[in-house]
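Shown next, in structure tokens, is the structure this report addresses.
2 protein chains.
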Amino acid sequence: MDKENTKRTTEQLILEAARTVFIRKGLEGARMQEIANEAGINKALLHYYFRSKEKLFNHIFEKALAGMFDVINESIHKEGDVFAFIETFVDHYLSTLKENPFIPNFIFNEINSHPERIHQFSDKARLNFPGYKQMVEKNIKQNKIIAISPEHLLIDMLGMCVFPVLGRPIIEKVFFEDHPAGAENFLYERKQHIISFLKKALQP
Amino acid sequence: MDKENTKRTTEQLILEAARTVFIRKGLEGARMQEIANEAGINKALLHYYFRSKEKLFNHIFEKALAGMFDVINESIHKEGDVFAFIETFVDHYLSTLKENPFIPNFIFNEINSHPERIHQFSDKARLNFPGYKQMVEKNIKQNKIIAISPEHLLIDMLGMCVFPVLGRPIIEKVFFEDHPAGAENFLYERKQHIISFLKKALQP
DNA sequence: AATCAATTAAATCATTTGGTTAAACCATAT
DNA sequence: ATATGGTTTAACCAAATGATTTAATTGATT
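Chains as they are written, first to last, in the numbering used here: chain A, 32 to 235; chain W, 32 to 235.
Here you go:
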């Protein structure tokens with residue numbers, strides 16, 4: 032039992048370390064030695080648990096990708112109100128991004144440099160699009176919002192949330208002259224800004 | 032003279048090849064051999080023109096970064112109409128992105144993995160923010176648009192334009208079941224969508 | 001006490017890669 | 001013709017890196 036326990040702890044330790052390193056540096060930039068150090072173990076044990084760098088990477092990438100979709104899916108209620116969805120989604124999504132600011136860059140970079148991966152992990156990239164679409168169209172019929180393409184609306188929301196996180200170092204430099212507190216506050220303000228911006232744009 | 036001419040041609044050949052490879056694969060992912068192949072020359076000549084990989088990379092990164100800011104700056108006329116700015120900017124920006132779909136990922140990835148670079152190239156990341164801000168605020172005073180933070184508005188526009196390009200492989204999979212034509216059309220539609228979406232959101 | 005899995009340290013291997021060098025080739029300008 | 005500079009070919013070096021192996025240690029289970 033303690034064996035199993037220790038095993039699980041070490042395995043989790045490795046996964047956490049791998050997550051940290053992979054997400055910051057990507058598959059190519061990550062070093063097995065660095066992951067071992069971060070986990071407080073040595074390289075041999077790393078290969079004892081996960082035979083290869085790629086196998087370890089797959090675990091991390093899979094969860095990161097699925098996690099981003101989960102956040103969206105959890106906000107969708109097909110019978111619900113679009114504005115309620117927007118508030119929940121933006122709040123939930125921005126909070127997730129604040130805690131994991133490097134995940135979007137990680138995912139985009141891996142997928143852009145190896146588009147095959149999207150097929151390899153297509154089962155993890157599952158969006159409840161039918162439910163989302165149904166909700167938007169119902170709200171349109173009920174005249175709660177203007178007629179709009181659900182696809183475009185979703186991309187609008189995602190873009191407005193993700194971009195400032197992706198471009199944070201640039202924004203910090205250009206808008207706030209390297210003043211991190213300014214950028215921090217800007218990201219904090221965004222939650223309310225995006226919500227009211229979307230409401231205004233959708234209002235019939 | 033012909034010497035000079037040949038020299039310039041080869042140098043430009045190298046720069047174009049380097050641009051292609053670096054933008055697709057990043058600094059770490061790019062291989063000097065691959066750049067040489069792409070340019071139709073050999074490694075030795077590559078180092079004859081640019082002593083090191085880093086020097087060559089700097090040329091490319093510098094231009095890519097400056098180029099993205101240029102597109103924004105060119106649309107700004109401090110006395111102008113916000114809606115005219117939006118139309119020009121979205122049109123111009125999306126066209127640039129269509130021709131250079133890998134540049135945003137390239138820039139974001141390099142800056143996120145090496146934030147120091149933003150200081151090294153800070154002179155290339157020059158946004159005419161005062162001019163832009165003046166334009167937005169004037170339009171607000173004239174009651175042409177609602178009161179809005181110029182900073183947030185700019186990030187909104189950028190996010191809506193850049194995100195679909197960054198996430199194109201995912202969008203193609205999730206929305207269009209790997210049907211490239213669908214994604215192509217979606218990106219084409221976006222121009223009008225973003226413009227009318229912004230107009231609606233800003234209308235007093 | 002014997003057993004077995006987890007763990008470490010250290011050495012080693014094969015491969016990749018950025019960078020260098022040397023010798024030769026070739027077109028052109030002087 | 002000859003000197004010059006761009007260009008090629010090929011070999012080579014040193015460092016980094018993913019992966020493997022071996023021998024030894026620890027610690028709990030039986």
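Note that CB positions come from ideal geometry on N, CA and C, so glycine has one too.
With DSSP as the reference, label residue i as helix, strand or coil.
i, result
"Asp122 (chain A)", "helix"
"Glu208 (chain A)", "coil"
"Lys109 (chain W)", "coil"
"Leu128 (chain A)", "helix"
"Ile149 (chain A)", "helix"
"Gln223 (chain A)", "helix"
"Asn159 (chain W)", "coil"
"Lys175 (chain A)", "coil"
"Arg82 (chain W)", "coil"
"Ser180 (chain W)", "coil"
"Asp33 (chain W)", "Summary for Asp33 (chain W): the model assigns pLDDT 31, below 50, so the residue's position carries little reliability; its value from the coordinates is reported in the next sentence. Here Asp33 (chain W) sits in helix by DSSP."
"Gly71 (chain W)", "coil"
"Lys38 (chain W)", "Bear in mind that a pLDDT of 43 at Lys38 (chain W), under 50, signals an unreliable position, so the number given afterwards is only what the model happens to contain. Helix."
"Gly98 (chain A)", "helix"
"Asp154 (chain A)", "coil"
"Phe133 (chain W)", "coil"
"Arg199 (chain A)", "helix"
"Gln234 (chain A)", "coil"
"Arg62 (chain A)", "coil"
Beta-carbon separation of residue i and residue j under 9 angstroms?
i, j, result
"Ile117 (chain W)", "Gly162 (chain W)", "no"
"Pro235 (chain W)", "Asn136 (chain W)", "no"
"Ala61 (chain W)", "Lys155 (chain W)", "no"
"Phe152 (chain A)", "Glu93 (chain A)", "yes"
"Glu110 (chain W)", "Lys169 (chain W)", "yes"
"Met63 (chain A)", "Leu44 (chain A)", "no"
"Met166 (chain W)", "Gly190 (chain A)", "no"
"Pro134 (chain A)", "Ile201 (chain A)", "Before going on, a small fix: residue 134 (chain A) reads as Ile here, not Pro. No, these two residues do not count as a Cβ contact at 9 angstroms."
"Leu229 (chain A)", "Ala232 (chain W)", "yes"
"Leu224 (chain W)", "His183 (chain A)", "As written in the sequence, residue 224 (chain W) is His, which differs from the Leu given in the question. In this structure, His183 (chain A) lies closer than 9 angstroms to His224 (chain W) by Cβ."
"Asn140 (chain W)", "Gly57 (chain A)", "yes"
"Lys204 (chain A)", "Ile149 (chain W)", "yes"
"Val193 (chain A)", "Lys129 (chain A)", "no"
"Phe120 (chain A)", "Met188 (chain A)", "yes"
"Ile91 (chain W)", "Gly198 (chain A)", "no"
"Glu47 (chain A)", "Ala70 (chain A)", "yes"
"Glu105 (chain A)", "Tyr80 (chain A)", "no"
"Ala95 (chain A)", "Ile138 (chain A)", "yes"
"Phe160 (chain W)", "Phe206 (chain A)", "yes"
"Glu215 (chain W)", "Ser180 (chain A)", "no"
"Glu59 (chain A)", "Glu85 (chain W)", "no"
Would you say residue i lies against chain W (beta-carbon separation less than 9 angstroms)?
i, result
"Glu182 (chain A)", "yes"
"Glu168 (chain A)", "no"
"Ala178 (chain A)", "no"
"Lys56 (chain A)", "yes"
"Phe81 (chain A)", "no"
"Asn174 (chain A)", "no"
"Lys74 (chain A)", "no"
"Ala232 (chain A)", "yes"
Could you tell me whether any Cβ in chain A is nearer than 9 angstroms to the Cβ of residue i?
i, result
"Asp122 (chain W)", "no"
"Ile201 (chain W)", "yes"
"Ile186 (chain W)", "yes"
"Ile191 (chain W)", "Note that residue 191 (chain W) corresponds to Met in the displayed sequence, not to Ile. Output row for Met191 (chain W): interface = yes."
"Ala70 (chain W)", "no"
"Phe303 (chain W)", "The structure shown does not extend to residue 303 (chain W), since chain W spans only 32 to 235, so no value can be given for it."
"Glu47 (chain W)", "no"
"Pro195 (chain W)", "yes"
"Glu215 (chain W)", "no"
"Glu42 (chain W)", "no"
"Glu59 (chain W)", "yes"
The ligand FMN and residue i: does any heavy atom of the ligand fall closer than 8 angstroms to the residue's C-beta?
i, result
"Arg62 (chain A)", "The ligand FMN is not among the ligands present in this structure, which contains no ligands whatsoever."
Residues, ordered as in the chain, of the stretch 218-229 of chain W that lie near chain A by beta-carbon distance below 9 angstroms = Glu220, Arg221, His224, Ile225, Phe228 and Leu229
message = By the 7 angstroms beta-carbon criterion, what residues does the stretch 105-138 of chain W contribute toward chain A?
response = Phe133 and Asn136
key: Proximal residues, the stretch 142-169 of chain W versus chain A, C-beta separation under 9 angstroms   = Listed in sequence order: Ile142, Asn143, Ser144, Pro146, Arg148, Ile149, His150, Ser153, Ala156, Arg157, Leu158 and Phe160.
request  = Residues of the stretch 85-104 of chain A with a CB closer than 8 angstroms to any CB of chain W: list them in chain order, please.
outcome  = none
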